[in-house]
Amino acid sequence: MKRLRWLPIVLLLFAATLTAAEQLFDLKPVVPGVWAAIAKPQFRVNCNAVVIELDDGLLVVDTHSKPSAARALIEQVKSVSSKPVKFVVNTHFHWDHYQGNQAYLSAWPQGVEIISSEATRESIEHRGIPRVKNEMLEVPREIEHLKADFAQATDASQKAEIEENLRQAESYLGELQAMQLALPTITFDRSLIIHRKSRNVQILWLGKAHTDGDVFVYLPKEKFMATGDVLQGWVPFMGDGYPYDWIKTLEAAEKLDVEYAVGGHGAVMRDKERFHFSEQYLRDLMAETERAYAEGASMAETVKRVSATMIPKYASGMPPTFPQDIVGNIQKAYRVVSGDTN
Ligand SMILES: [Zn+2]
């Protein structure tokens, strides 16, 4: 499974005519002065970003997994606005949402403020940074595997594919080794509002969800919301999540007037459809797991039973990896229901 993460990169070979930025993101206008940088699905290590124009500068939501990806987006942003980036928001502490922070500080050394919840800053410092160190041990192992695969490959196209994967892995490792993680410079507990003549930007913590510190970036006038990984188009990753709180947090966010939403992964979302889908997914996941647990089912048995009802019901709204990815969700739900974790 692990090594599959590199395979899609080969698709980039076919995109050789695109610029670096175009290979990584589609920058799409959503409402006037707001762009969604939708990460192209073939690339392993990027999340979406949102660019919001203010009177005196730009605010960017999330910074990807590495400075080179952030730099590529910075170049692309210059084609739609000449204003400097003044604010960066990290929606939560996961590596693919903040590891590019330093690129913004390098591009505008005169001052970019990085905003997050207090909980997210704490987690970047105490959990995010150790994870980068761990990744620095993990990637060389993947490189060794790729080299072994390369030595064994006989087919020319297979060799070319592995070679490209190796190139990407080595350049990512180089970036990890040089990475200077930039921590948020402004934090808050519940909400922080940036007031400008043309628009107000509300940055809101509405409860625990995908992590303990997720924030939404909300533009009330434009009915636009950046939702981080609390609401997005992929199968939710629940490893650091709080499923029961997550449902309540989604309900609270849904009460706001939202017509357009951009999550950390996947396409631009319209209206409240994805809110309903995700809330119901989490409710069913927890209810089905509770039932199996109450009936004395083991974790393995619960995975089997809950998958059997959830997969047919939700597959149409999830990516093709759903049947494998739901396993982690059910295991998490089981640990929560059995009191093993929060
Ligand atoms: Zn995440």
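Here our numbering is used: the first residue of the sequence shown is 6, the next is one more, and so on.
Glycine included, C-beta positions come from ideal geometry on N, C-alpha and C.
For ligand 1, residues qualifying as neighbours are H99, D234, where qualification means a beta carbon closer than 5 Å to at least one of its heavy atoms (chain order). Look at P34 here: in three-state DSSP terms it is strand. With 16 or more neighbouring CB atoms inside 10 Å of its own CB, K337 falls in the buried class. In the structure shown, S86 falls within a coil segment according to DSSP collapsed to helix, strand and coil. Straight-line measurement puts the Cα of K152 at about 38 Å from the Cα of V65. Counting along the chain, Y109 sits inside the alpha helix (DSSP H) bounded by residues 106 to 112.
Around the beta carbon of G179, fewer than 16 other beta carbons sit within 10 angstroms, so the residue counts as exposed. In the DSSP assignment, S203 is bridged to no other residue. Less than 8 Å separates the beta-carbon of K213 from that of T254.
Residue burial is scored here from C-beta neighbours: N347 has fewer than 16 other C-beta atoms within 10 angstroms and is therefore classed as exposed. As for any beta strand (DSSP E) of minimum length 3 sitting wholly inside the segment 102 to 189, the runs are 118 to 122, ordered along the chain. A straight line joining the alpha-carbon of S121 with that of H102 spans about 11 Å. For M291, the enclosing alpha helix (DSSP H) has its first and last residue at 278 to 299. Non-local beta-carbon contacts of F155 in its own chain, meaning distances under 6 Å to residues more than five positions away in sequence, involve I167 in chain order.
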